[in-house]
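Asker: Each protein sequence line maps, in turn, to chains A and B. Under this note's numbering, the letters of the first sequence match residues 1 to 206, in that order. Under this note's numbering, the letters of the second sequence match residues 1001 to 1252, in that order.
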Amino acid sequence: MRDNVLRVGVGGPVGSGKTALIEALVPILIEQGHRPAVITNDIYTQEDAQHIRRTLDGVLPGDRVVGVETGACPHTAVRDDPTMNLAAGAEMLEKHPEVDVLFYESGGDNLTLTFSPALVDVFVFVLDTAEGEKMPRKRGPGITTSDLLVINKIDIARYVRTDLTVMESDAHRVRGDGPVALTDCLTGKGVDEVAAFLESRRKVMV
Amino acid sequence: MYRDTDAAPDEPGGQSPGTGVPGATDLDHLLVGLQLTDSAFPSGFYTLSHGLEGFVQEGAVDRDSLPLLLHDLLRHGVGPSDATALALAHRAAAAGDWEAVAAVDRRLHATKLSQEMRRAAARTGRQLLDLAAEVFGTDGVARYHREVTARRAPGTQAVAAGVVYAAAGVPVRQAVAADLFAFCASFAGAALRLRLTDHRLAQVLLRRTAPVIAETTCQALARGFEDLGSTTFTADVMSARHERAEARLFAS
């Protein structure tokens, strides 16, 4: 793997907004002069890969998005045995040597999911307010030790009886100094902060 | 081959350098085989169903016919192709004939008809060489990995495994049997996730397949380069349909 490529792992429960976050981040990164590519780990279909291609049509060429099958084991594919993701990443960089940000989107999973440090440089974990106010208190390695915790869908918190202030303060409490970002990925609210965080990590690592 | 602990240490293979334990080399070969066939070894195999998901999607296999399908795939598919390639690559690598290793690699790759089978073999093979160069630290593995990285050879899984086993000094018969077992364990794991078996019957399946693994190993060792490659019409058609399927769990 070339060392000027920032590899970002995005994990989190099903439907929390992993795909939406990537779709919101990619145009910002391109605007900043970066050249992103995306590897999705769908559980059963190519749905995520196709969704990203459709949403980013005209922004990101379709061949910068590739789906990898995970044999029904999304956590294994990014943690215990990232063989197929490493291979897909290597093929992507071989075909498109200009790529300098590589997203790995995990298949929707439970709270125990983590990314192998051999696969990614930065691990972002995405929760959303509709999963319930208690989610940060449930902890799990993604919530407590990811490099960035994103709490998405802040716009609907009041409709799903989630007190965002409680959710945010709990998140800070279980994460110590670890950063937390509040987003509404569909309108782009808070996504600039996530992009700035990635840029700060790039400066440290690359 | 692996022998009991009281076997004479001066048999082929001899003792590992620097160890004074009788039979240490044989034990070391056994341990290499156990590590490479362990389902925790990051081989990428758990993402493959080795054609099984295609059969499931077409309704062409059920719980009763599962053992028969596995045995047929061993005898007529994997045996004449991957297992034979592993044996040929192992012998060529042990003799230092890297041109011959690459020729086996290219031929095996060419005989795999569907894109998903070629891609699965190349992705897992390249990553195995990359990893094994670090784990086993032998010149042969690193050398062949460079050939593959430079795209002078496809780096199929069976040939990569042959190179790794040869570099670790594991005898060819043991290497072929071990890799066939890894295939069967992976197939049984896929069957479990596809609801074609349960945790107990999967183990019964594996044990009852042992004689077929032994038979397939003997036949693979006897084949020459000209006989490398298999034609399995049904499995090839299933795989061709699978790679175009709208939804799938497995990469093959």
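Glycine residues also receive a C-beta, built at the ideal position from the N, C-alpha and C atoms. Please read all numbers here as calculations on a predicted model, not as lab measurements.
(1) Under 7 Å between the Cβ atoms of Glu105(A) and Ile22(A)?
(2) Quick one: measure Cβ to Cβ for Leu164(A) and Ala157(A), integer angstroms, because I've assumed they're closer than 8 Å.
(3) Please list, in chain order, the chain B residues whose beta carbon lies closer than 7 Å to that of Cys73(A).
(4) Leaving out five residues on either side along the sequence, give the residues of the same chain with a beta carbon under 7 Å from the beta carbon of Lys203(A).
(5) Buried or exposed: His34(A), going by 16 or more other Cβ atoms within 10 Å of its Cβ?
(6) Strictly below 8 Å CB to CB, what residues from chain A border Arg1126(B)?
(7) If distances are taken between C-alpha atoms only, which option among Trp1098(B), Phe1136(B), Leu1129(B) and Ala1120(B) comes closest to Glu1243(B)?
(8) Whole-angstrom Cβ separation of Ser1239(B) and Glu1116(B), contact assumed at under 8 Å?
(9) Can you give me the C-alpha to C-alpha distance between Val122(A) and Arg201(A), rounded to a whole angstrom?
(10) Exposed or buried, what is Lys134(A) when buried is set at 16 or more other beta-carbons lying within 10 Å of its beta-carbon?
(11) Helix, strand or coil for Lys138(A) per DSSP?
(12) Do you know how far the Cα of Val1078(B) is from the Cα of Gln1127(B)?
(13) From the beta carbon of Tyr104(A), is the nearest beta carbon of chain B less than 7 Å away?
(14) Kindly confirm or deny that the region 1104 to 1111 of chain B and the region 1221 to 1232 of chain B touch, where touching means at least three C-beta pairs closer than 8 Å.
(15) Step through the CB atoms of chain B and report whether any lies within less than 7 Å of the CB of Thr83(A).
(16) Which whole-angstrom value describes the C-beta separation of Thr19(A) and Asp63(A), a residue pair presumed to lie in contact below a C-beta threshold of 8 Å?
(17) Counting only Cβ pairs nearer than 9 Å, list the residues of chain A close to Pro1171(B).
(18) Under 6 Å Cβ to Cβ from Thr55(A), same chain only, skipping five residues before and after it: list those, please.
(19) Can you find a CB in chain B that lies within less than 7 Å of the CB of Glu94(A)?
(20) Note down the Cα distance separating Met249(A) from Asn4(A), rounded to an integer number of angstroms.
(21) When DSSP builds the beta bridges, which residues end up paired with Arg7(A)?
(22) Near Ile154(A), which residues of its chain fall below 8 Å by C-beta distance, leaving aside the five closest residues on each side in sequence?
(23) What are the complete alpha helix (DSSP H) segments, minimum 4 residues, inside the region 46 to 77 of chain A?
(24) Using C-beta distances below 8 Å, list every residue in its chain close to Gly1048(B), excluding the 5 sequence neighbours before and after it, in chain order.
(25) Can you give me the start and stop residues for the alpha helix (DSSP H) that Ala181(A) sits inside?
(26) Is the shortest distance between the beta-carbon of Pro1154(B) and the beta-carbons of chain A less than 7 Å?
(27) Count Cβ pairs between the region 90 to 98 of chain A and the region 108 to 123 of chain A that sit closer than 8 Å; are there 3 or more?
(28) Considering only their Cβ atoms, is the gap separating Ala1087(B) from Val1176(B) smaller than 7 Å?
(29) How would you write the range of the beta strand (DSSP E) that Ile151(A) sits in, first residue to last?
(30) Using a C-beta cutoff of 7 Å, does Pro1211(B) count as contacting chain A?
(31) Shortest alpha-carbon distance to Ala1085(B) belongs to which of Leu1070(B), Asp1038(B), Gly1155(B) and Gly1033(B)?
Answerer: So, to answer that:
(1) Yes, they are a contact pair.
(2) At roughly 5 Å, the Cβ-Cβ gap stays under 8 Å, so Leu164(A) and Ala157(A) are in contact.
(3) Those are Tyr1046, listed as they occur along chain B.
(4) Counting only Cβ-Cβ distances below 7 Å, and skipping sequence neighbours, we find nothing.
(5) Around the CB of His34(A), 16 or more other CB atoms lie within 10 Å, so the residue is classed as buried.
(6) Residues of chain A with a Cβ closer than 8 Å to the Cβ of Arg1126(B) are, in chain order, Ala87 and Ala90.
(7) Of all alpha-carbon atoms in Trp1098(B), Phe1136(B), Leu1129(B) and Ala1120(B), the one lying nearest the alpha-carbon of Glu1243(B) is that of Ala1120(B).
(8) With 8 Å as the limit, Ser1239(B) and Glu1116(B) qualify as a contact, their Cβ atoms being about 6 Å apart.
(9) If you take the alpha carbons of Val122(A) and Arg201(A), they lie about 8 Å apart.
(10) Burial state of Lys134(A) is exposed, judged by a 10 Å Cβ sphere holding fewer than 16 other Cβ atoms.
(11) Three-state DSSP puts Lys138(A) in a helix.
(12) Answer to the nearest angstrom: the Cα atoms are 20 Å apart.
(13) Tyr104(A) does not count as touching chain B.
(14) Cβ pair count under 8 Å is three or more, so yes.
(15) Yes, its Cβ sits closer than 7 Å to a Cβ of chain B.
(16) About 18 Å; that fails the 8 Å criterion.
(17) What Pro1171(B) touches in chain A: nothing, since even the nearest Cβ is about 26 Å away.
(18) Within the same chain, Thr55(A) has close Cβ partners Glu23.
(19) With a threshold of 7 Å between beta carbons, Glu94(A) makes no contact with chain B.
(20) With chain A covering only 1 through 206, there is no way to say anything about residue 249(A).
(21) DSSP lists Leu102(A) as partners of Arg7(A).
(22) Answer for Ile154(A): Thr129, Leu164, Leu182, Thr183, Asp184, Lys189 and Gly190, listed in chain order.
(23) Taken in chain order, the unbroken stretches of alpha helix (DSSP H) that lie wholly in the region 46 to 77 of chain A and span 4 residues or more are 47 to 55.
(24) Sequence inspection shows Leu at residue 1048(B); the Gly mentioned does not correspond to that position. Scanning its chain for C-beta atoms nearer than 8 Å, with the 5 sequence neighbours on each side dropped, one finds around Leu1048(B) the residues Ala1120, Thr1124, Ser1186, Ala1190, Phe1250, Ala1251 and Ser1252, in chain order.
(25) Careful: Ala181(A) lies outside any alpha helix (DSSP H), inside the beta strand (DSSP E) at Val180 to Leu182.
(26) It does not: the Cβ of Pro1154(B) has no partner Cβ on chain A nearer than 7 Å.
(27) Result no; under three Cβ-Cβ pairs closer than 8 Å.
(28) Cβ atoms of Val1176(B) and Ala1087(B): closer than 7 Å.
(29) Its beta strand (DSSP E) spans residues Leu148 to Asn152.
(30) Not an interface residue.
(31) With distances taken between Cα atoms, Ala1085(B) lies closest to Gly1155(B).
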